[in-house]
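Following the numbering used here, the numbering of the sequence shown begins with 35 at its first residue and continues without gaps.
Using N, Cα and C, we set each Cβ at its ideal position, and we do this for glycine too.
In this text the structure is predicted, and so the values were computed from the model without any measurement.
Reading through the structure tokens given below for one structure.
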Amino acid sequence: MDEITYSDNQKYPVVALRDGIIFPTTENALLFGRGKSVMAIKHAMDHGKKIILVMQKDAKFDDPSASDLFDIGVLAHIEKILEGEKGEISALMLGLSRVKITSYISESPFLEAEIEELKEINEDSAEIDALIRHINTELKQAVNLGKGVDVVYLMNIMSGATPRQFSEQVAMILDLSTKERQNLLEELDLLNRLKKQAELVTKEVKI
Numbered sequence: 035m036d037e038i039t040y041s042d043n044q045k046y047p048v049v050a051l052r053d054g055i056i057f058p059t060t061e062n063a064l065l066f067g068r069g070k071s072v073m074a075i076k077h078a079m080d081h082g083k084k085i086i087l088v089m090q091k092d093a094k095f096d097d098p099s100a101s102d103l104f105d106i107g108v109l110a111h112i113e114k115i116l117e118g119e120k121g122e123i124s125a126l127m128l129g130l131s132r133v134k135i136t137s138y139i140s141e142s143p144f145l146e147a148e149i150e151e152l153k154e155i156n157e158d159s160a161e162i163d164a165l166i167r168h169i170n171t172e173l174k175q176a177v178n179l180g181k182g183v184d185v186v187y188l189m190n191i192m193s194g195a196t197p198r199q200f201s202e203q204v205a206m207i208l209d210l211s212t213k214e215r216q217n218l219l220e221e222l223d224l225l226n227r228l229k230k231q232a233e234l235v236t237k238e239v240k241i
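This is how it looks when you write it as structure tokens:
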């Protein structure tokens, strides 16, 4: 796949997600039914196919404003869309990078914002390798105990991913609250993120 680039301070449509989000380097299909979300995706399809995904602080809001959203999200590339009979859109999204929303340009007819890319710390170390082995072992145990995991994600995790890719794929399959998911998204240090994931997957196995 060709590298997809963008510049800081460029504006992008924003889609609010109630409780889940894709992580950088991961791919997933998401369903959008709210009017603003559908308009944002259609606009993005006509203007570079890039969009900002951010989670709501409270999932109960049907029409969240900028203040109802977290500041840290993911810039994603829309791989393809499928429009439903009732106006909803299923979109296959590829996460590109962690970004911070610096300002909102508009909130109508859909949210648009300027962003800056967040620089991550991804240094290799023996401790990172050990954490990956530990998480792998715990994940296998969780699956053996009945944890439902998408086969594609499991194959990606087990098949020679880089430490960063491993961490992002694991984040997608953990059973997390919105706060825990956002916490992993905001953690820019790979070592610290893997430490948190090790605790979370161990907790899942115990449950």
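* To do: Can you give me the Cβ contacts of A176 inside the same chain, cut-off strictly under 6 Å, excluding the 5 residues immediately before and after it?
  => Closer than 6 Å at the Cβ level, and outside the excluded window around A176, lie E238, V239.
* To do: Would you grab the beta carbon distance between I169 and Q216 for me? Rounded to a whole angstrom, and I think it's under 8 Å.
  => Contact annotation, I169 with Q216: C-beta distance approximately 20 Å; criterion of less than 8 Å not satisfied.
* Asked: Which partner residues of Q62 appear in the DSSP bridge assignment?
  -> Note on residue identity: the sequence assigns Asn, not Gln, to residue 62. Partner(s): M127.
* Would you call the segment 140 to 147 and the segment 197 to 212 in contact, with 3 or more CB pairs under 8 Å? -> Result no; under three Cβ-Cβ pairs closer than 8 Å.
* Asked: Hey, S124 and L130: beta-carbon distance below 8 Å or not?
  -> At the C-beta level, S124 and L130 stay beyond 8 Å of one another.
* H77: first and last residue of the uninterrupted alpha helix (DSSP H) it sits in -> It spans 69 to 80 - the alpha helix (DSSP H) in which H77 sits, taken as one unbroken run.
* Asked: Buried or exposed: where does S140 fall if 16 or more other Cβ atoms within 10 Å of its Cβ makes it buried?
  -> Residue burial is scored here from C-beta neighbours: S140 has fewer than 16 other C-beta atoms within 10 angstroms and is therefore classed as exposed.
* Just grab the DSSP bridge partners of S140 for me. => For S140, which the question treats as bridged, DSSP gives the partners E146.
* Return the first residue and the last residue of the alpha helix (DSSP H) that I197 is part of. => The sequence given here has Pro at residue 197, not Ile. Its alpha helix (DSSP H) spans residues 197 to 207.
* **Extent of the continuous beta strand (DSSP E) to which A110 belongs** => Counted as a single uninterrupted DSSP element, the beta strand (DSSP E) harbouring A110 occupies residues 106 to 117.
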